[in-house]
Each structure stands twice: as C-alpha cells, then as structure tokens.
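Heads up, the thing below is written out as structure tokens.
Protein chains: 2
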Amino acid sequence: MATLKDVAAKVGVSITTVSRVLNNRGSISQETKDKVFKVMKEMNYFPNEMARSLSNKNSHLIGLIVPYIDHTFFGVLTAAIEEACYKLGYKLFLCTSGGHSDREKELFSMLQANNVAGVLVCSRVVESSAYKESAIPLVSIERTIDDIPSISCDNYKGGVLAAQELIASGCEHLLLIGNRIVSEHLPAYLRYKGFRDECQRTGKAYSEHYIDSEDIFGKNLDKNVKDIIKRYPLTDGIFATSDVLAAHLFNSLGNSQEFPKRYKLVGFDGLDISEYCGISTIAQPIRQMGELAVDVLIKRINESLVAERYILPVSLIRRKTSCPQTSNKIK
Amino acid sequence: MATLKDVAAKVGVSITTVSRVLNNRGSISQETKDKVFKVMKEMNYFPNEMARSLSNKNSHLIGLIVPYIDHTFFGVLTAAIEEACYKLGYKLFLCTSGGHSDREKELFSMLQANNVAGVLVCSRVVESSAYKESAIPLVSIERTIDDIPSISCDNYKGGVLAAQELIASGCEHLLLIGNRIVSEHLPAYLRYKGFRDECQRTGKAYSEHYIDSEDIFGKNLDKNVKDIIKRYPLTDGIFATSDVLAAHLFNSLGNSQEFPKRYKLVGFDGLDISEYCGISTIAQPIRQMGELAVDVLIKRINESLVAERYILPVSLIRRKTSCPQTSNKIK
C-alpha cells in the first residue's frame with residue numbers, strides 16, 4: 001500500500017504539506033489540496049484512521065455488546081444501530097457475549113482498550129456496578145443502570161394491551177408463557193406485570209408458566225409445550241412474551257388448525273416471524289430504539305445533557321391468532 | 332483512566348520495565364511481572380490495543396461486509412464468524428452495505444484505513460475487479476472472485492434435492508419462485524439450474540417465476556402471490572429459493588390449510604423460520620460456512636496455502652409441507 005511519503009514524492013511536496021492537507025491545518029492552496037487528494041486516490045492511499053484516532057480525542061468508534069446476533073430482535077436492533085452510526089460518521093465495533101457474564105465483562109474491557117468513544121450495551125447480564133464505575137460514555141438498552149441513560153419500550157403497556165386483546169377476543173382463561181426473569185428490576189418484568197394487572201382488573205382467570213431463562217430461542221419449548229398446556233387445560237388465550245416463543249407455540253400446537261379456533265395467541269416484539277406465521281403481536285419500535293441509542297450515546301460523547309430513561313411506545317398488530325370482532329368463545 | 336506512568340509509579344519500577352512486561356521483551360523477573368499485572372488490574376489500566384496494533388504487523392482485527400444484518404441468514408453467519416474470531420483472538424469489525432455497490436466500496440476502503448488484518452465479504456454486489464486489485468487478505472462468501480478464496484454451499488445439489496422431494500411427494504407441475512439473479516456466474520444460480528435439470532431429467536413440467544432482486548425480504552411477494560399462482564394454475568409443487576420467500580408464500584397462500592394438501596413446498600437455507608412454519612427446506616451449513624471463512628482468512632493472513640473454492644454440503648430437512656411417504660396427488 002502507498003505511504004504518505006510516496007504521495008508527497010508524486011505530488012512534489014513535503015510530507016508535512018500532505019499531512020497538513022489531511023488534517024486541514026495551516027494555509028495550503030486549493031490547487032495543492034486538489035493535487036494531493038487526486039494522487040492519494042490514484043495511488044490507493046488511505047490515511048491510517050487508527051493512527052489518527054490516537055491523536056484525536058474522539059475515535060469515532062462505537063462499541064456494541066449484544067448477547068446474540070442471530071436472534072432477530074438483536075439483528076434488527078443492530079442493523080438500525082449500524083445504519084445510524086454510519087450516517088453520523090461513526091463506525092461500529094460489534095461484540096456478542098452469548099449471554100455470559102464473564103465474556104460481557106471481558107468485551108467491555110476490550111472495547112475500552114480499543115479506544116472506542118462510547119459503548120452501547122444491550123440486555124446486559126453483568127451486574128450494574130461493573131458499568132457504573134466506568135468513565136466511558138455508555139447507554140444501556142433493555143436494562144436500567146443507575147446514572148446511565150437507558151432505553152426500553154413501554155413493557156407495562158405492552159402487557160396490558162396483550163391481555164386486552166385476548167379478553168376482547170373472548171378468552172376466559174389466560175395463560176402467560178415467558179422466560180423466567182430473575183429480577184423484578186428488569187424492564188421486561190413490567191411486561192408480565194401489565195398482563196397480570198389487566199387480568200386482575202377485569203376479573204379473568206390467569207396462569208403463568210416460565211421456561212428456562214437460558215432458553216431464549218425457545219428450543220426446549222417444542223418438546224414440552226403439550227405438557228405445559230395439559231397443566232392448564234382450560235386455557236383459551238395465550239400471551240407469549242416474545243415472538244420467538246409465540247412462533248414455537250404456534251408450530252407445536254398445530255398452526256392454523258388450532259389458532260384462533262381453540263386458542264387465541266398474542267406475541268411480543270413485532271418481528272418478521274410473527275408476520276410469516278400470522279400471529280398477533282405487541283410491536284416494539286426496535287429500529288427507533290436503535291437510532292435513539294446512537295443519538296443519546298453521541299450526545300454523551302459530546303458531553304451534552306441527556307435524559308436518564310427513554311421509554312418508547314408499543315403497538316398492537318392484529319393478525320389471524322386473535323379476533324375481537326367475532327368474539328366467539330370456544331371451549 | 333490510569334496511564335502506563337501511573338502503573339510504573341505504583342509498582343515502583345520504570346515505564347520501560349512496565350512496557351517490557353506488556354510486550355514480553357527483555358528479562359524481567361516473574362515477581363515483577365506478577366506485580367505489574369496485579370497493579371494494572373487494580374488501577375483498571377488497559378494497554379491501548381490500537382496503539383499496539385500499529386507497531387505490530389497483525390492488528391488482529393477482521394472486517395466483515397454483509398448486505399444486511401437483520402436478515403436471518405446473515406445474522407446466523409455473522410454470529411458464527413464473530414464466535415470463531417473471538418476463539419482465535421481476533422476482533423470483528425462489522426459493516427453492512429444495504430446491498431449498495433457504492434457503500435460496499437466505501438466500506439472496503441474504510442476497513443483498510445482502519446488497519447484490519449483481513450476482510451470477509453459476503454454476497455458482494457461490487458464487481459470482482461475492485462477486490463482483485465487489493466493487497467489485503469480477503470475471503471468471499473456466496474460469490475466467486477478470481478484468485479480469491481470463496482466459500483459457498485453446494486447450490487446445484489440443493490436444487491436437485493428440492494426437485495426430488497417435490498416429485499417424490501407426488502407433484503406433477505413444479506414452480507420455482509426465486510429472486511431475479513443477474514449473473515449466471517453467481518453460485519446461487521446453480522440452485523436454479525439443479526432444480527431445472529432434475530425436472531427435465533424426470534420429464535416433469537416446470538415453470539419459473541422471478542421476483543425483483545432488490546426484494547430480498549420478499550415484502551412485495553405477499554401482495555402478488557395470488558396473481559403469480561393464477562399464472563401457473565396447475566402448480567402443485569413449489570420450490571422457493573429462500574426460506575424467507577417460502578415463509579411469505581406459506582403465509583399468503585393459507586398456511587396449513589393449503590399446505591401440503593393443495594401445494595407441496597420446499598424452501599432453501601435452513602433458517603429457524605422454516606422450522607416455526609413447519610416448512611421443508613434445503614439446509615445450508617451456515618455456521619460451518621462462517622467458521623470456515625474465518626479459518627481460511629486467518630490462513631491467508633498468515634500466508635499459508637488455501638484452496639480457491641470451498642463448497643459445503645447441503646441437506647434436506649423434511650417437515651409438514653412435503654410428504655413423500657403418502658404420495659397422494661391432489662389436483
């Protein structure tokens with residue numbers, strides 16, 4: 001690859017001049033600037049951005065830690081974050097923790113060692129104290145950390161909407177199937193609480209069944225779903241707290257032969273899979289959450305004031321697995 | 332953040348000694364080494380890896396260009412690549428081009444300017460000449476480039492298997508629905524050719540319908556699918572050349588009310604959505620393709636000999652939308 005020296009020699013100026021052009025310093029004629037850029041292009045010369053970032057305060061690198069990139073929720077979120085970074089002249093350093101606390105910690109250290117300007121951490125599993133001590137600008141997605149800006153959707157409202165849709169579809173015995181959530185301080189816990197509160201408010205019977213929190217992809221659900229349903233034989237309405245769980249349920253319980261005739265079903269997230277399967281769902285504004293996270297992080301990098309919590313609205317998408325208009329109860 | 336100087340002062344040694352410990356140079360006692368690492372940990376000191384990578388030949392950074400990260404195929408592939416990089420001590424720089432040629436070129440330049448040790452480019456849209464001239468180690472996934480190692484699945488075999496499965500399920504009038512592919516030199520074109528050859532070999536009637544190649548997510552398919560089917564009214568077996576297309580078809584044509592009774596359906600890729608919808612598919616070994624890509628790229632970085640083309644096996648996953656055992660033809 002061509003060096004700065006090669007470019008200077010070809011243009012017939014000093015290395016200092018080329019360096020000044022690159023860094024937009026000193027007074028250089030437009031003619032010389034044009035010549036330098038033309039030769040740089042011809043010679044395939046790239047100023048070493050890493051070297052430059054070391055002498056700059058802002059590296060324009062953003063680190064992103066997600067647990068999984070092959071889970072559609074994180075895929076869509078990452079795509080939105082990457083797009084927003086690109087538009088604002090930042091580059092994204094993507095890391096996946098596999099949901100392991102040790103690896104998440106290690107990645108956070110690694111990102112700092114690589115001189116990132118800020119870090120976005122999504123669905124952290126590491127205790128919040130590990131982040132609170134850090135001096136680097138930080139934004140948390142889907143989890144709260146004291147004194148760190150966080151972004152989530154209105155999970156409570158989502159739970160309420162799910163219950164309302166099932167009840168409006170004529171359900172009398174509601175069942176929530178979700179991932180076991182360890183702490184009541186997690187925003188997603190509010191999803192459960194909203195559902196529960198609405199069932200209690202309207203006097204409907206409801207049960208809750210939790211699958212292993214390790215099983216975010218719901219792989220074990222397929223094997224166990226019939227056993228689960230046997231335990232709650234009166235069930236006529238199911239709230240699956242993620243679309244991935246909803247799709248597994250839909251598939252294991254007999255697709256459109258059983259839905260919506262025997263069971264009504266509402267998922268959560270608003271992923272494409274719910275569209276493919278025709279499942280009603282509570283949609284999170286995932287892309288907007290990603291864009292907002294980048295916007296807030298860059299404000300933090302530039303030391304602007306930001307809010308402590310951002311809660312974005314959710315919305316019901318009605319498809320084939322719920323049907324408030326007909327409202328025919330089937331036992 | 333603590334500096335090298337702070338660490339040296341706290342340990343009571345010179346900066347040179349700390350630097351030697353970090354770079355594993357000179358003869359330093361184990362006792363001093365242990366002390367330095369202990370203090371570095373206590374003081375939260377991270378050696379600046381970017382600065383270090385500049386003085387090293389190998390930055391241990393790998394660039395990855397994919398068109399989309401929110402498409403499950405690329406999500407699964409990226410997850411496998413990230414995991415493989417992590418295990419081998421490399422970090423991944425993820426970029427998405429949105430399928431735009433200009434942006435893909437720009438990203439490729441940007442990655443080189445950021446001192447990456449090598450680049451993985453998946454489903455490139457930029458002409459191969461742009462990559463051939465490059466001096467940086469490169470591996471291409473899903474596309475071939477002269478003199479550059481490429482990785483793909485056995486697309487031809489996949490097309491043959493899809494046709495065989497539909498024919499064994501009793502289909503007489505086969506229809507291929509795929510993305511319009513611009514060049515016959517693309518590996519995915521072989522998917523079509525394999526299907527076509529097997530139909531001809533067995534004397535079955537077949538048609539082909541192509542949707543806009545821009546529409547990789549098949550969003551427009553939902554609106555048009557009934558019109559498409561009207562044009563081929565005898566159709567009893569469909570090969571959708573991606574699982575995303577297959578899922579859209581499945582949803583638009585009436586889920587399990589129509590499949591497999593009226594139509595048999597086989598997808599391609601082996602993504603989770605085919606499992607959720609119960610769709611038979613030809614599975615690519617996506618994770619293995621990602622792992623292999625990293626392995627080959629690191630071999631290139633280390634100037635080891637690698638093959639020019641790697642073709643990985645595909646396999647049929649039989650689900651509800653095909654049924655060779657019953658073989659009842661329905662018109």
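Those protein sequence lines, which keep their order, are chains A and B. Just so it is clear: in the first sequence, position 68 is 68 by the working numbering, and no numbers are missing. Count along the second sequence from 1, add 331, and you get the number used in the working numbering. Where is the CB? At the ideal position from N, CA and C, for every residue including glycine. Keep in mind the model is a prediction, meaning the values are calculated, not measured.
Cα-Cα separation, residue i to residue j
i: CYS530 (chain B); j: GLN588 (chain B); result: 27 Å
i: HIS100 (chain A); j: VAL11 (chain A); result: 53 Å
i: PHE37 (chain A); j: ILE547 (chain B); result: 37 Å
i: ALA188 (chain A); j: LYS592 (chain B); result: 41 Å
i: LEU221 (chain A); j: ILE279 (chain A); result: 17 Å
i: GLY489 (chain B); j: CYS95 (chain A); result: 33 Å
i: ASP154 (chain A); j: VAL314 (chain A); result: 6 Å
i: GLY75 (chain A); j: GLN361 (chain B); result: 45 Å
i: ILE472 (chain B); j: LEU442 (chain B); result: 17 Å
i: TYR232 (chain A); j: SER207 (chain A); result: 8 Å
i: ASP295 (chain A); j: ASP365 (chain B); result: 42 Å
i: ALA135 (chain A); j: ASN510 (chain B); result: 49 Å
i: ARG124 (chain A); j: PRO468 (chain B); result: 34 Å
i: ALA624 (chain B); j: PHE259 (chain A); result: 42 Å
i: ASP558 (chain B); j: ARG618 (chain B); result: 36 Å
i: ILE479 (chain B); j: ALA494 (chain B); result: 32 Å
i: ASP600 (chain B); j: ASN445 (chain B); result: 33 Å
i: THR566 (chain B); j: ILE560 (chain B); result: 7 Å
i: GLU303 (chain A); j: VAL116 (chain A); result: 15 Å
Backbone secondary structure at residue i - three-state DSSP
i: LEU505 (chain B); result: strand
i: ILE136 (chain A); result: coil
i: GLU534 (chain B); result: The question names Glu, but residue 534 (chain B) in the sequence shown is Gly. Of the three classes helix, strand and coil, the one that applies to GLY534 (chain B) here is coil, per DSSP.
i: ASN251 (chain A); result: helix
i: CYS323 (chain A); result: coil
i: PHE405 (chain B); result: helix
i: SER481 (chain B); result: strand
i: ILE282 (chain A); result: strand
i: LEU521 (chain B); result: helix
i: LYS261 (chain A); result: coil
i: GLY568 (chain B); result: strand
i: LEU395 (chain B); result: strand
i: VAL244 (chain A); result: helix
i: GLU539 (chain B); result: strand
i: PHE217 (chain A); result: coil
i: ASN486 (chain B); result: helix
Own chain partners of residue i with C-beta closer than 6 Å, once the 5 adjacent residues on each side are dropped
i: TYR90 (chain A); result: HIS60, ILE62
i: ALA571 (chain B); result: ILE508, ALA577, LEU580, GLY598
i: SER169 (chain A); result: LYS264, SER322, CYS323, PRO324
i: PRO285 (chain A); result: LEU312
i: SER481 (chain B); result: SER471, THR475, ARG640
i: GLY549 (chain B); result: VAL575, LEU576, HIS579
Residue i: contacting residues in chain A (beta-carbon distance under 9 Å)
i: TYR594 (chain B); result: Under the 9 Å cutoff, chain A gives no residues; its nearest Cβ is about 15 Å from TYR594 (chain B).
9 Å Cβ cut-off: residues of chain B touching residue i
i: ALA247 (chain A); result: ASP603, ILE604, GLU606, TYR607, CYS608
Same chain, Cβ closer than 7 Å to residue i, five either side skipped, listed in chain order
i: LEU166 (chain A); result: LEU174, GLY237, PHE239, LYS264, VAL266, SER322
i: MET371 (chain B); result: VAL338
i: THR78 (chain A); result: LEU64, VAL66, ILE69, LEU94
i: LYS193 (chain A); result: TYR156, GLY159
Closer than 8 Å to chain A by CB, residue i
i: VAL407 (chain B); result: yes
i: LEU425 (chain B); result: yes
i: THR363 (chain B); result: no
Below-8 Å beta-carbon distance, residue i vs any chain B residue
i: PHE239 (chain A); result: no
i: GLU82 (chain A); result: yes
i: ALA79 (chain A); result: yes
i: THR72 (chain A); result: yes
Close beta carbons around residue i, own chain, < 8 Å, minus the five adjacent residues each side
i: ARG351 (chain B); result: GLY357, ILE359
i: VAL126 (chain A); result: SER101, GLU104, LYS105, PHE108
i: LYS336 (chain B); result: ILE346
i: ARG300 (chain A); result: GLY118, PRO137, LEU138, VAL139, PRO149, VAL306
i: THR202 (chain A); result: ALA163, ILE167
Under 8 Å by beta carbon: chain A residues contacting residue i
i: ILE400 (chain B); result: ILE69, GLY75, THR78, ALA79, GLU82
Proximal chain B residues relative to residue i, where beta-carbon distance stays under 8 Å
i: THR334 (chain A); result: Summary: the structure shown does not reach residue 334 (chain A), with chain A confined to residues 1 through 331, and so no result is reported for it.
i: ASN251 (chain A); result: GLU606, TYR607, CYS608, GLY609
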